[in-house]
Structures are given as C-alpha cells and as structure tokens.
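For reference, the structure discussed in these notes is given below.
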Amino acid sequence: MAGVTSCCRAGSCEQFFKPSVARRSLETYRRKGLDALERQMVASASATGTIDGLRVLEIGGGIGRIQAELLDAGAGEGEIIELVSSYEPYARELAREKGHEARTAFHIVDILEEPDRVEPADVVVLNRVVCCSPDGVALAAAAGRLARQALVLSFPRDVFWIRAGVRMLNASLWIMRSPFRVFVHRPAELFAAAEAEGVHVREGDGSRLWQWATLRRAV
Ligand SMILES: C[S@@+](CC[C@H](N)C(=O)[O-])C[C@H]1O[C@@H](n2cnc3c(N)ncnc32)[C@H](O)[C@@H]1O
Numbered sequence: 000m001a002g003v004t005s006c007c008r009a010g011s012c013e014q015f016f017k018p019s020v021a022r023r024s025l026e027t028y029r030r031k032g033l034d035a036l037e038r039q040m041v042a043s044a045s046a047t048g049t050i051d052g053l054r055v056l057e058i059g060g061g062i063g064r065i066q067a068e069l070l071d072a073g074a075g076e077g078e079i080i081e082l083v084s085s086y087e088p089y090a091r092e093l094a095r096e097k098g099h100e101a102r103t104a105f106h107i108v109d110i111l112e113e114p115d116r117v118e119p120a121d122v123v124v125l126n127r128v129v130c131c132s133p134d135g136v137a138l139a140a141a142a143g144r145l146a147r148q149a150l151v152l153s154f155p156r157d158v159f160w161i162r163a164g165v166r167m168l169n170a171s172l173w174i175m176r177s178p179f180r181v182f183v184h185r186p187a188e189l190f191a192a193a194e195a196e197g198v199h200v201r202e203g204d205g206s207r208l209w210q211w212a213t214l215r216r217a218v
C-alpha cells in the first residue's frame with residue numbers, strides 16, 4: 000500500500016474523520032463485519048457473474064471494508080481513495096490481517112480535484128460518501144465515469160425526517176464550531192449525474208436511514 004500527502008479540500012473531513020474514528024471503524028468491522036446494507040451492496044457488486052480478477056475502486060473508502068470483502072470474494076486488486084490520511088494505518092492493518100497487502104493500495108486523492116490520478120475500475124464503490132460533501136452529485140458523476148462495469152453507491156434516504164435530523168445534526172456541528180456538514184442529495188440527481196456517464200440503475204434497496212443502488216454499464 001502506498002500513500003501521498005493530503006490536499007487542502009480535505010479540511011473539514013480531516014477534522015471530523017480523526018484517527019479515533021478510523022480505529023473504531025476497524026474495531027467494529029472486526030467484531031461485526033459489514034452491516035446489512037453493505038452486505039447487500041457486496042452481493043449486488045458480484046451479482047452478474049464472477050468477480051474473479053476484477054479491479055475494485057472504493058472512493059472515500061475509509062479503511063476499505065467493501066473492497067476488502069470483494070477481494071475476499073475473488074477480486075484481483077483493490078484501491079482505496081481517501082481525502083484524509085487518518086484511515087491509512089487502519090486500512091493497512093486490515094489489509095495485513097486479510098493477507099491483501101500485495102493486492103490493495105491506499106491513496107490520498109480528491110477525486111473531484113484530480114480525477115486523472117485514478118485509474119478506472121471494473122467495480123466502483125461509493126459508500127456513504129456523497130452525504131459528506133456539498134458536491135455529492137459531482138462525486139456520483141466522477142464515480143460513474145470511472146466504472147467500467149458497475150457503480151455501487153449508498154446515501155441517506157431523501158425523506159423529511161432524515162432531512163430534519165440532518166438539519167439538527169448540522170446545527171450541533173455549527174455550535175461545536177466544526178466545519179463539517181452532512182448533506183442529503185436527491186437520488187434522482189445522483190442517478191442522473193452517474194447515468195450521464197453511461198451507467199444505468201439496475202437494482203437497489205434500503206434501510207430506514209440509507210438507500211443503495213447499483214448502476215451498470217450496458218455491454
Ligand atoms: C462517512 S465517510 C465513509 C467512509 C467509508 N466509505 C465507510 O463507509 O466507512 C466519507 C468519506 O468520504 C471521503 N471523501 C469525501 N469527499 C471525497 C473526495 N472528493 N475524494 C475522496 N474522498 C472523499 C471523506 O474523506 C470520508 O472519509
């Protein structure tokens with residue numbers, strides 16, 4: 000795994016996604032594995048045939064739990080793209096525990112600032128990322144552009160009580176002087192942005208809080 004220095008857009012994420020958050024992410028994954036929504040996403044990513052040998056890219060991937068599970072399932076190589084460096088040691092630890100060191104990489108890249116630094120992948124994962132950015136729709140477009148076969152993304156459901164909860168959360172963050180904010184984007188806008196890049200919604204589902212969808216490129 001190889002990392003490079005962090006870039007400036009990362010500011011609010013750096014403050015929010017601290018090493019303690021990254022460490023908890025690894026500890027929770029060790030104890031419980033993926034949650035139900037993520038398990039559905041993994042099943043969908045490998046649904047249309049074999050995942051064997053495919054390249055997986057997890058954008059805003061944190062410690063890279065989903066790419067790790069797809070590597071377990073037979074994917075050939077994985078890459079985690081992150082804005083913040085705090086995840087890197089824990090991503091490395093997870094790769095070591097799973098014996099994936101030679102097949103996975105962690106890079107600090109702002110996918111919106113430097114899209115050309117990232118190679119396309121057969122399967123692109125965008126799990127709980129668009130809600131961390133006012134540019135969530137542009138993130139869906141960038142991910143769609145990089146997906147050779149499938150884009151699997153998740154985002155908060157666009158319902159009034161989630162919007163109300165997010166407003167309260169953002170007010171608390173403002174009171175705590177945190178620059179980090181959460182965003183609820185309209186699914187139709189996320190899908191339209193990715194579909195403009197040639198992938199199309201094929202399946203999806205959700206929980207009370209989250210929704211996921213898989214978009215595939217026509218062959
Ligand atoms: C809520 S975290 C989710 C992490 C991981 N996907 C998970 O579910 O554990 C969202 C992540 O997206 C990353 N992110 C946001 N905008 C990004 C961008 N433009 N390029 C790369 N990563 C980004 C943030 O650094 C943050 O770690």
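Residue numbers 0 to 218, in this note's numbering, belong to the letters of the sequence shown in order.
For each residue, glycine too, the CB sits at the ideal point set by N, CA and C.
Being a predicted model, the structure only gives us computed values, none of them experimental.
query: Between the Cα of Ala192 and the Cα atoms of Ala72, Glu92, Asp134, Asp71, which residue gives the shortest distance?
result: Considering only alpha carbons, the answer is Asp134.
query: Which residue from Trp211, Glu113, Arg215, Leu69 puts its Cα closest to that of Ala35?
result: If we check each option's Cα against that of Ala35, Trp211 comes out closest.
- request: Scan the region 83–130 and note each continuous beta strand (DSSP E) run of 3 residues or more that stays entirely inside, going in chain order.
  value: The beta strand (DSSP E) runs of length 3 or more contained entirely in the region 83–130 are, from start to end of the chain, 103–107, 120–126.
query: Between His99 and the rest of its own chain, which residues show a CB-CB distance below 6 Å, the 5 nearest in sequence each way excluded?
result: Excluding positions up to five away in sequence, the list reads Leu70.
Touch test, the region 26–44 against the region 103–117, Cβ-Cβ under 8 Å, three pairs minimum: The region 26–44 vs the region 103–117: no contact.
message: I need the boundaries of the alpha helix (DSSP H) containing Ser43, first residue and last residue.
response: In the DSSP annotation of this structure, the continuous segment of the alpha helix (DSSP H) that includes Ser43 starts and ends at 35–44.
query: What are the residues that DSSP puts in a beta bridge with Pro219?
result: Nothing can be reported for residue 219: it is not among the residues displayed for the chain, which extend from 0 to 218.
query: How would you call Leu214, buried or exposed, if buried means at least 16 neighbouring beta carbons within 10 angstroms?
result: Burial call: buried.
- request: Confirm, please, whether the CB-CB distance from Leu138 to Val128 is below 8 Å.
  value: Cβ atoms of Val128 and Leu138: closer than 8 Å.
- prompt: Which residues in the same chain as Arg162 place their Cβ atom closer than 6 Å to its Cβ, once the five residues preceding and following it in sequence are excluded?
  reply: Excluding residues within five positions, the ones whose Cβ falls inside 6 Å are Val183.
message: Below 7 Å, is the gap between the Cβ of Gly59 and the nearest heavy atom of ligand 1?
response: Taking 7 Å as the cut-off, the C-beta of Gly59 counts as close to a heavy atom of ligand 1.
field: Cβ-heavy atom distance, Phe16 to ligand 1, below 7 Å
entry: Yes, the beta carbon of Phe16 sits closer than 7 Å to at least one heavy atom of ligand 1.
field: Closest residue to Ile65 among Arg185, Ala42, Ser85, Val158 (Cα-Cα distance)
entry: Nearest of Arg185, Ala42, Ser85, Val158 to Ile65, Cα basis: Ala42.
- prompt: With burial defined as no fewer than 16 other Cβ atoms inside 10 Å of the residue's Cβ, what is the status of Ser153: buried or exposed?
  reply: Buried: at least 16 other Cβ atoms inside 10 Å.
task: Tell me whether Thr213 sits in a helix, a strand or coil according to DSSP, three-state version.
output: Of the three classes helix, strand and coil, the one that applies to Thr213 here is strand, per DSSP.
field: Through-space distance from Ile62 to Glu92, alpha-carbon basis
entry: Going from the Cα of Glu92 to the Cα of Ile62 covers about 9 Å.
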